[in-house]
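Here is the structure we will look at, set down as structure tokens.
Number of protein chains: 2
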Amino acid sequence: MLEYERSIDEMFRALADPTRRSILEQLDQGPASVSKLAEPFHLSLAAIAQHVQVLERSHLISTHKSGRQRLCSIDPAAVQSAERWLRTRRTRWEQRLDRLEQHLDKSTQEHRNDR
Amino acid sequence: MLEYERSIDEMFRALADPTRRSILEQLDQGPASVSKLAEPFHLSLAAIAQHVQVLERSHLISTHKSGRQRLCSIDPAAVQSAERWLRTRRTRWEQRLDRLEQHLDKSTQEHRNDR
DNA sequence: CCGATATTCAACTCTTGACTTGACTATCAG
DNA sequence: CTGATAGTCAAGTCAAGAGTTGAATATCGG
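So the sequences go chain by chain: W and X. Per numbering that gives the first Met the number 0, residue 0 is the first one in the first sequence, and the count goes up by one each step. Per numbering that gives the first Met the number 0, residue 0 is the first one in the second sequence, and the count goes up by one each step.
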């Protein structure tokens, strides 16, 4: 796998877990510590800390220690690169459909008298 | 988990696998049968058929049988909904950063004489 | 310094997911 | 009809991932 693909891979694997996506949604509201992020869940702090690690390795968030706390925030650049991958798939496909449609329109016109 | 979230969940779990993303990339070029999709991989046909099933359940692709073949094509609508989830995360965060920046600018101006 | 807070680490369990193989079914071409 | 093609089904293997617990570490407030 190429270098670029390796990082896309980590990103999508990180996004695959509902707890991690929920953490990202929390971070919409601003930076938060690990225990703050853990509050909404019925999970051990260690579990959340592990999720945070995965999110950081995938570059979807960045963190830094401030005293006892580890503050987490979304990294918009990485999120955008996953977004771009999807947009590419979708727009290529939509273009294909457009061309196909045009082609069919044209054929219909050309063969109008055949019917 | 809400109904909406259930479907987002299946989508992102489907996207987490590099083989499945690679299948989607192939489908950029147009519809294809299962064995056509399998060609680039060193995997059994059964394995690819399973991936196709996952992609279909997640609504990222749709398929139909045509004779012996099962033809697969991307479903742009579903792709867009994953894309939208990411875009929401990113833009919310970017807006937060903008507001923060404005606030800091303002504070800097107000306290210019303090330094 | 002391107790409480916020993590971090390591080890272990349990489930799920990817993949295989071999047998079975349906369709096509000659 | 017959062999070859395209896929489907059902087990079963194997490794990776999510979660737990308990002990260890670092920082804060008084």
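The C-beta atom is built at its ideal place from N, Cα and C for all residues, glycine as well.
- [ ] Taking the CB atoms as reference points, tell me whether T62 of chain X and R69 of chain X lie closer together than 7 angstroms.
- [x] Here residue 62 of chain X refers to the residue found at position 63 when the second sequence is read from its first residue. Here residue 69 of chain X refers to the residue found at position 70 when the second sequence is read from its first residue. Yes, the pair counts as a contact, with Cβ atoms nearer than the cut-off.
- [ ] Could you check the C-alpha separation between D113 of chain W and H102 of chain W for me, to the nearest Å?
- [x] One-based indexing of the first sequence puts residue 113 of chain W at position 114. One-based indexing of the first sequence puts residue 102 of chain W at position 103. Here D113 of chain W scores only 49 on pLDDT, less than 50, and its place in the model should not be relied on; the value that follows carries that caveat. Computed Cα separation, rounded: 17 angstroms.
Open item on the list: Determine whether the beta carbon atoms of A154 of chain W and R12 of chain X lie at a separation below 7 angstroms.
Closed with: In this structure chain W extends from 0 to 114, so residue 154 of chain W is not present and cannot be described.
TODO: Name, going along the chain, the residues of the region 65 to 84 of chain W whose beta-carbon falls closer than 7 angstroms to a beta-carbon of chain X.
DONE: I73, P75, V78, Q79, A81, E82
Task: C-beta contact flag for L59 of chain W and A77 of chain W at 7 angstroms - done: Locating residue 59 of chain W in the first sequence gives position 60, counting from the first residue. Locating residue 77 of chain W in the first sequence gives position 78, counting from the first residue. Yes, these two residues count as a Cβ contact at 7 angstroms.
Open item on the list: So if I threshold CB-CB distances at 8 angstroms, which residues from the region 9 to 22 of chain W count as touching chain X?
Closed with: F11, R12, L14, A15, P17, R20
TODO: Taking only the alpha-carbon atoms, compute the straight-line gap between R95 of chain W and D97 of chain X and give it to the nearest angstrom.
DONE: As a working mapping, residue 95 of chain W is identified with position 96 in the first sequence. As a working mapping, residue 97 of chain X is identified with position 98 in the second sequence. C-alpha separation (whole angstroms): 37 angstroms.
Open item on the list: List, from N- to C-terminal side, the beta strand (DSSP E) runs of 3 residues or more that fit wholly inside the region 46 to 105 of chain X.
Closed with: 60 to 65, 68 to 73
- [ ] Establish whether the CB of D27 of chain X and some CB of chain W are separated by less than 7 angstroms.
- [x] One-based indexing of the second sequence puts residue 27 of chain X at position 28. Judged by the 7 angstroms Cβ criterion, D27 of chain X is in contact with chain W.
TODO: Determine the direct distance from the alpha carbon of R20 of chain W to that of R20 of chain X, and round the result to whole angstroms.
DONE: As a working note, residue 20 of chain X is residue 21 in the second sequence. As a working note, residue 20 of chain W is residue 21 in the first sequence. Distance between the alpha carbons of R20 of chain X and R20 of chain W is about 19 angstroms.
Open item on the list: Taking 7 angstroms as the threshold (beta carbon to beta carbon), is R89 of chain X in contact with chain W?
Closed with: Working through the second sequence from its first residue, we reach residue 89 of chain X at position 90. R89 of chain X counts as touching chain W.
Task: Under 8 angstroms from the C-beta of R86 of chain X: neighbouring residues of chain W - done: Taking the first residue of the second sequence as position 1, residue 86 of chain X is located at position 87. Per Cβ cutoff of 8 angstroms: E82.
- [ ] Using the Cα positions of I73 of chain W and T90 of chain X, report the straight-line distance between them to the nearest angstrom.
- [x] Translated into positions along the first sequence, residue 73 of chain W becomes position 74. Translated into positions along the second sequence, residue 90 of chain X becomes position 91. Using only the alpha carbons, I get a separation of about 11 angstroms.
Task: DSSP state of A13 of chain X mapped onto helix, strand, coil - done: Indexing the second sequence from 1 puts residue 13 of chain X at position 14. If DSSP states are grouped into helix, strand and coil, A13 of chain X belongs with the helices.
Open item on the list: If contacts are defined as beta-carbon pairs under 8 angstroms, then R27 of chain W and R88 of chain X qualify, I think. What distance do you get, rounded to the angstrom?
Closed with: Locating residue 27 of chain W in the first sequence gives position 28, where the first residue counts as 1. Locating residue 88 of chain X in the second sequence gives position 89, where the first residue counts as 1. It should be pointed out that residue 27 of chain W corresponds to Asp in this sequence rather than to Arg. Yes, D27 of chain W and R88 of chain X are in contact; Cβ-Cβ is about 6 angstroms, under 8 angstroms.
- [ ] Tell me, please, whether the CB atom of E38 of chain W is closer than 7 angstroms to any CB atom in chain X?
- [x] Taking the first residue of the first sequence as position 1, residue 38 of chain W is located at position 39. No, E38 of chain W lies away from the interface with chain X (no Cβ there is under 7 angstroms from its Cβ).
- [ ] Show which residues of chain X have a CB atom less than 7 angstroms away from the CB atom of R95 of chain W.
- [x] If you number the first sequence from 1, residue 95 of chain W lands on position 96. G29, listed in chain order.
Task: Backbone CA spacing between E100 of chain X and W92 of chain X [nearest angstrom] - done: For the purposes of this step, residue 100 of chain X is taken as the residue at position 101 of the second sequence. For the purposes of this step, residue 92 of chain X is taken as the residue at position 93 of the second sequence. One C-alpha to the other measures close to 12 angstroms.
TODO: Measure the alpha-carbon distance for L23 of chain X versus G29 of chain W and round it to whole angstroms.
DONE: As a first step, residue 23 of chain X is located in the second sequence; it is residue number 24 there, counting from the start. As a first step, residue 29 of chain W is located in the first sequence; it is residue number 30 there, counting from the start. Between L23 of chain X and G29 of chain W, the C-alpha separation is close to 34 angstroms.
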